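Residue numbers (the working numbering), protein chains in the order written: chain S, 1 to 114; chain R, 1001 to 1108.
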């Protein structure tokens, strides 16, 4: 497909378990962003990549959160030792160039930590 | 500190009438503002944007107005259609900082 895809769409984890969330951006898009959306809130910025370089990770809530984009296309957001407060929808977005400001979002991964 | 505020969690409008969604911001450094629309179980979809040097941008049924002195922007949808029913997020950049959203219901 032509859009941003994310997998899995839904993930249930037991507290303490590690999870990995995948994002496939639109082909050719240089910039990739991760957001966390809690229930009833707007998406909140987590981290930003330009190609394979992680240029901004100021939004990552703790050192349990780690993101990578090793080849400048697919990205993985990893959460170690999940906690209940990590339950949220994790959204990935990509844009052709950061300065265009039009980010295209994937459908998100809903993470539930029991 | 909420940099972008959408104070109305919900809005109901009759089909054919105008929908006005409001947004206030505190960060004077934003140089672009965007509106996104979100349906359940889908990611946000870009709707319309406005540069901070403009005061109006129009695209079909959608118009965004920016009042920099009041740090306020609004999205006007006219005429409203049932398919417009969704959650609308206002955002400033960069990086994107979103408001909490307003749920619009257009009643046929």
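Every residue, glycine too, gets a C-beta built ideally from N, C-alpha and C.
Given the structure is predicted, the values throughout are model-derived calculations rather than measurements.
Own chain partners of residue 47/S with C-beta closer than 7 Å, once the 5 adjacent residues on each side are dropped
Taken in chain order, the residues that qualify are 34, 54, 56, 57, 59, 60 and 67.
Interface residues of chain R facing residue 56/S [CB-CB closer than 9 Å]
When 9 Å is used as the limit between beta carbons, residue 56/S is near these residues of chain R: 1095, in chain order.
Using only CA atoms, which one of 1099/R, 1061/R and 1065/R lies nearest to residue 1016/R?
Of the listed residues, the one whose Cα sits closest to residue 1016/R is 1061/R.
So what does DSSP say about residue 98/S, is it helix, strand or coil?
Residue state, collapsed to three classes: helix.
Kindly provide the ranges of any beta strand (DSSP E) runs that are 3 or more residues long and lie completely inside the stretch 1075–1106 of chain R, ordered along the chain.
1086–1093
Are the C-beta atoms of residue 1062/R and some chain S residue less than 8 Å apart?
no
Which residues share a DSSP beta bridge with residue 93/S?
33/S and 105/S
Cβ neighbours of residue 43/S in the same chain (closer than 6 Å, five flanking residues each side left out)
35, 37 and 91
Among 94/S, 83/S and 39/S, the one whose alpha carbon lies nearest that of residue 14/S:
83/S
Rounded to the nearest angstrom, what separates residue 1137/R and residue 1098/R at their Cα positions?
The structure shown does not extend to residue 1137/R, since chain R is modelled only from 1001 to 1108, so the question has no answer here.
When you compare only the Cα positions, how much space is there between residue 9/S and residue 110/S?
6 Å
Output the residue ranges of the alpha helix (DSSP H) runs that lie fully inside the stretch 7–84 of chain S and measure 4 residues or longer, sorted by chain position.
none
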